[in-house]
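Report on the structure given below.
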Amino acid sequence: MNRLTRTLLPITMGAALLVPLTHSATAVETGARSASPAAAGKKVAGDVHAKVSRDSVIQRAKTWLTANNGSQVPYSQTATFGGYRADCSGYVSMALQYGKPGANTVMLATSDFTTPINMSQLTKGDLIIDAAGSSTTRHVVIFEKWTSSARTSYKAYEQRGGHGTDYRTLSYGIGADEYDAYRPKKY
Numbered sequence: 799m800n801r802l803t804r805t806l807l808p809i810t811m812g813a814a815l816l817v818p819l820t821h822s823a824t825a826v827e828t829g830a831r832s833a834s835p836a837a838a839g840k841k842v843a844g845d846v847h848a849k850v851s852r853d854s855v856i857q858r859a860k861t862w863l864t865a866n867n868g869s870q871v872p873y874s875q876t877a878t879f880g881g882y883r884a885d886c887s888g889y890v891s892m893a894l895q896y897g898k899p900g901a902n903t904v905m906l907a908t909s910d911f912t913t914p915i916n917m918s919q920l921t922k923g924d925l926i927i928d929a930a931g932s933s934t935t936r937h938v939v940i941f942e943k944w945t946s947s948a949r950t951s952y953k954a955y956e957q958r959g960g961h962g963t964d965y966r967t968l969s970y971g972i973g974a975d976e977y978d979a980y981r982p983k984k985y
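Just so we're aligned: 983 in the working numbering is position 185 of the sequence shown, and the numbers increase by one with no gaps anywhere.
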């Protein structure tokens, strides 16, 4: 088996296994189904370069803290809320005004969507992403501000499993972990 086949075969097989899952998604709000992955990719890609302000990203991120009848939007890798996936990358896509149902975590870490930066360069609205691992370990959060001049932790918005939308102090990316800082190309 040549290198190309060894590389593409697992990717193709994985994609084939995931396609049926996209059609079984239920929506938190309306019961509507998500668009096909191909349609979602085209829609998301079409909105990548439309400019937004950092303040509007933070304001949009705040909305999901109370958008579910006064409560945070529940986390789900299959359901949608307002047309966006109710997982971390769907939440970030909503805040950045990408097309619905949103980019996934791996896509958000690509040069189509973001530019890698140093953690010390983080500014309100930038992203901290772990794009490695499996669909249950990858994660993305929206940076708001450092908690002190020591820069050992920061405030961020996230959509996390077992909780839903949250605003809390985090230290992802500080020290040895899989998280890296990224600047969205939307700014």
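For glycine and all other residues, C-beta sits at the position ideal for the given N, C-alpha and C.
query                                                                                                                                             : result
Would you check if the segment 936–946 and the segment 967–975 touch, i.e. whether three or more CB-CB distances between them fall below 8 Å?     : yes
Excluding sequence positions up to five away, which residues of its chain have a Cβ less than 7 Å from the Cβ of G959?                            : Y873
May I have a chain-ordered list of the alpha helix (DSSP H) segments no shorter than 4 residues that lie completely inside the segment 866–952?   : 886–893, 903–906
Decide yes or no for the touch test of the segment 913–931 against the segment 846–855: beta carbon pairs closer than 8 Å, at least 3 of them.    : yes
Starting from E956, follow its DSSP beta bridges and name the residues at the other end.                                                          : D964
To the nearest angstrom, how far is it from the Cα of Y882 to the Cα of K898?                                                                     : 5 Å
So for D784, helix, strand or coil by DSSP?                                                                                                       : In the structure as shown, the chain begins at 799 and stops at 985. Residue 784 is therefore absent and cannot be evaluated.
In chain order, what residues of the same chain lie with their CB nearer than 8 Å to the CB of T861, ignoring the 5 residues before and after it? : none
When you compare each of T878, S887, M917 to A974 by their alpha carbons, which one comes out closest?                                            : M917
Return the CA-CA distance between Y980 and Q870, expressed in angstroms with no decimal places.                                                   : 25 Å
Within this structure, are the beta carbons of A929 and A907 separated by less than 9 Å?                                                          : yes
Roughly how many whole angstroms lie between the Cα atoms of Y977 and T935?                                                                       : 11 Å
Answer with buried or exposed for T913, where buried requires no fewer than 16 other C-beta atoms within 10 angstroms of its C-beta.              : exposed
Return the bridge partner residues of R981 from the DSSP annotation.                                                                              : T913
Residues in its own chain within less than 7 Å of T810 by CB, not counting five upstream and five downstream?                                     : Its pLDDT being 41, under 50, T810 is placed unreliably by the model, and the measurement read from it follows with that caveat. None.
I need the DSSP call for A859, collapsed to helix, strand or coil.                                                                                : helix
Let's test the definition: count the other Cβ atoms within 10 Å of the Cβ of Q957 and tell me whether it reaches 16, buried, or not, exposed.     : buried
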